């Protein structure tokens, strides 16, 4: 058993499980703030019912994210000591900034969001929501800064085999960071929008016609319909940035073997690295050149220019297509639902049935996107600085295999339990409708926000 391969699988499994939850909390905090501000402006308690349904999802997702993040960070010492030995002077401070500036905000004020309604003033409760929402975004900022630096490292010098910072501004705002941050924030917004829309559609199918359901459903659908075209544009810009700084990743994403003009867009293929060709290709002539160079005669890099220094083609090629395909499906579903909700003020049952599984489409697109960018960085752990093979620690393959098996079983059970809780909360909300009491209802009239 190869400890390198097993350690890569283990870290991939850990980060795949972990990223599911920040993908929700980053945008859900802002969605909760929207619900709260609408309640403040209108006094309509349906907004607060939506708030309290989804703040439970936020709390659960936050807890799962924290726990899975801790176990992931342990692997820097157990499986990948070469990483911290080489770039710890840069990675360590960025991870510390995330904890000090973001995690503490979320942890400190989440309790007020959950239990402080009508126990603190309305302004304080709203402020707590603002701080938690800001904390989730700040957390994403620092993590994306580190990840982007690993993709496009600048602002450092090597001394005795270790990276030392020479320009923190350049490190944080490295060439790929703005594009990756925007792409991730929009991905989180879409993940949450479809999650809210999908679980609201489930409530709709169970006969719930409450105002809180309609408000949540419309918010999810219209937000998704707005964000998906923006994400397509942001993704295109991110791809052009990747073409500039990591051309071998683009070559793998397009399964293009030879550098040249008039490169077709490969819709379907089975890349064969041994033969250096694609089997069963379905292509659009000049498509890749048009997308990447905005010209049919534009030159697109080929994998043969990076022999021995490019990522595995098959997983990068297909992960990218799963991400794009999911995005197209998101566009069709969100715009269709927005049409019916706007023009007909209803949701056809077949469309509602489609929207329920689409609740998890954001997860699928996010995972596919991260596989594209992370596998696409190979064979480097930090591009041009540290190869993945050089970061592995002296750990036996049998030990990694055992811990990997435990992780996979535990994560599978936790994921099943998490999804079960989401369905339970949706069905409970469908059953209660707008009749369940809000927390602290005896302390202030329901028709208006608590005293400021």
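Residue numbers (our numbering): 204 to 655. The beta-carbon is built from N, C-alpha and C at its ideal position, and this holds for glycine as well. Remember, predicted model here, so these are calculated numbers, not experimental data.
When the Cα atoms are used, what is the spatial distance from residue 206 to residue 579?
-> Within the model, the alpha-carbon separation for residue 206 versus residue 579 is close to 21 Å.
Local Cβ density within 10 Å of residue 661, reported as buried at 16 or more and exposed below that | Lying before the first or after the last residue shown, residue 661 is absent from the chain, which here runs from 204 to 655.
DSSP on residue 481, reduced to helix/strand/coil?
-> Three-state DSSP puts residue 481 in a strand.
Exposed or buried, which one is residue 548 when buried takes at least 16 other CB atoms within 10 Å?
-> Exposed.
Three-pair Cβ contact test at 8 Å for the stretch 330-346 versus the stretch 358-365 = Judged by Cβ distances under 8 Å, the stretch 330-346 makes no contact with the stretch 358-365, as fewer than three pairs qualify.
Residue 627 to residue 634 span [Cα, whole Å] | Cα-Cα distance, rounded: 10 Å.
If you draw a straight line from the alpha carbon of residue 283 to that of residue 245, how long is it in whole angstroms?
-> Counting only the Cα atoms, residue 245 lies some 53 Å from residue 283.
With C-beta atoms as the reference, is residue 453 less than 8 Å away from residue 495?
-> In this structure, residue 495 lies closer than 8 Å to residue 453 by Cβ.
Helix or strand or just coil, what does DSSP make of residue 333?
-> It is helical.
Using alpha carbons as the reference points, say which of 308, 252, 276 lies closest to residue 229.
-> Closest option to residue 229, judged by alpha-carbon separation, among 308, 252, 276: 308.
The beta strand (DSSP E) spanning residue 362 covers which residue range?
-> Here the beta strand (DSSP E) through residue 362 covers 359-362.
Cβ pair residue 220, residue 614 closer than 8 Å = Taking C-beta atoms as the reference points, residue 220 and residue 614 count as a pair closer than 8 Å.
Simplified DSSP state of residue 453, which is helix, strand or coil = Note: residue 453 maps to helix in three-state DSSP.
Would you kindly work out how many angstroms separate the C-alpha atoms of residue 216 and residue 253, rounded to a whole number?
-> Spanning the two alpha carbons is a distance of roughly 33 Å.
Put residue 538 into one of helix, strand or coil per three-state DSSP.
-> When secondary structure is reduced to three states using DSSP, residue 538 falls in the helix class.
Taking residue 255 and residue 231 to be in contact with their CB atoms under 8 Å, please state how far apart those CB atoms are, rounded to whole angstroms.
-> That pair is no contact at about 13 Å.
CB contact flag (residue 343, residue 303, <8 Å) | Cβ atoms of residue 343 and residue 303: not closer than 8 Å.
Tell me, which residues are paired with residue 487 by DSSP?
-> Answer by DSSP bridge pairing, in chain order: 468.
Indicate whether residue 468 and residue 434 have their beta-carbon atoms separated by less than 8 Å.
-> For the 8 Å CB-CB criterion, residue 468 and residue 434 do not form a contact.
Is residue 499 helix, strand or coil by DSSP?
-> The three-state reading of DSSP puts residue 499 in coil, since its state is none of H, G, I, E or B.
Since residue 356 and residue 586 are thought to touch, with beta carbons under 8 Å apart, how far apart are those beta carbons, to the nearest angstrom?
-> The C-beta distance from residue 356 to residue 586 rounds to 6 Å, short enough to meet the 8 Å contact threshold.
Residue 588: which of 285, 249, 275 sits nearest, CA to CA?
-> The shortest Cα separation from residue 588 among 285, 249, 275 belongs to 285.
Of the choices 384, 391, 417, whose alpha-carbon is the least far from that of residue 636?
-> Residue 417 is the option with its Cα nearest to residue 636.
How long is the line joining the alpha carbons of residue 399 and residue 415, rounded to whole angstroms?
-> Roughly 12 Å between the two C-alpha positions.
Answer yes or no: do residue 458 and residue 474 have a C-beta to C-beta separation smaller than 8 Å?
-> Yes, these two residues count as a Cβ contact at 8 Å.
Cβ pair residue 525, residue 477 closer than 8 Å | No, the pair does not count as a contact, with Cβ atoms beyond the cut-off.
Around the Cβ of residue 372, are there at least 16 other Cβ atoms within 10 angstroms (buried) or fewer (exposed)?
-> So residue 372 ends up on the exposed side.
Please go through the same chain and pick out, in chain order, the residues whose beta-carbon is closer than 8 Å to the beta-carbon of residue 281, but skip the five residues on each side of it.
-> Closer than 8 Å at the Cβ level, and outside the excluded window around residue 281, lie 596, 598.
What runs of the alpha helix (DSSP H), each 4 residues or longer, lie entirely inside the stretch 207-292?
-> Within the stretch 207-292, the complete alpha helix (DSSP H) runs of at least 4 residues are 225-245, 248-281.
Look at the alpha carbon of residue 319 and the alpha carbon of residue 401, and state the distance between them as a whole number of angstroms.
-> About 28 Å.
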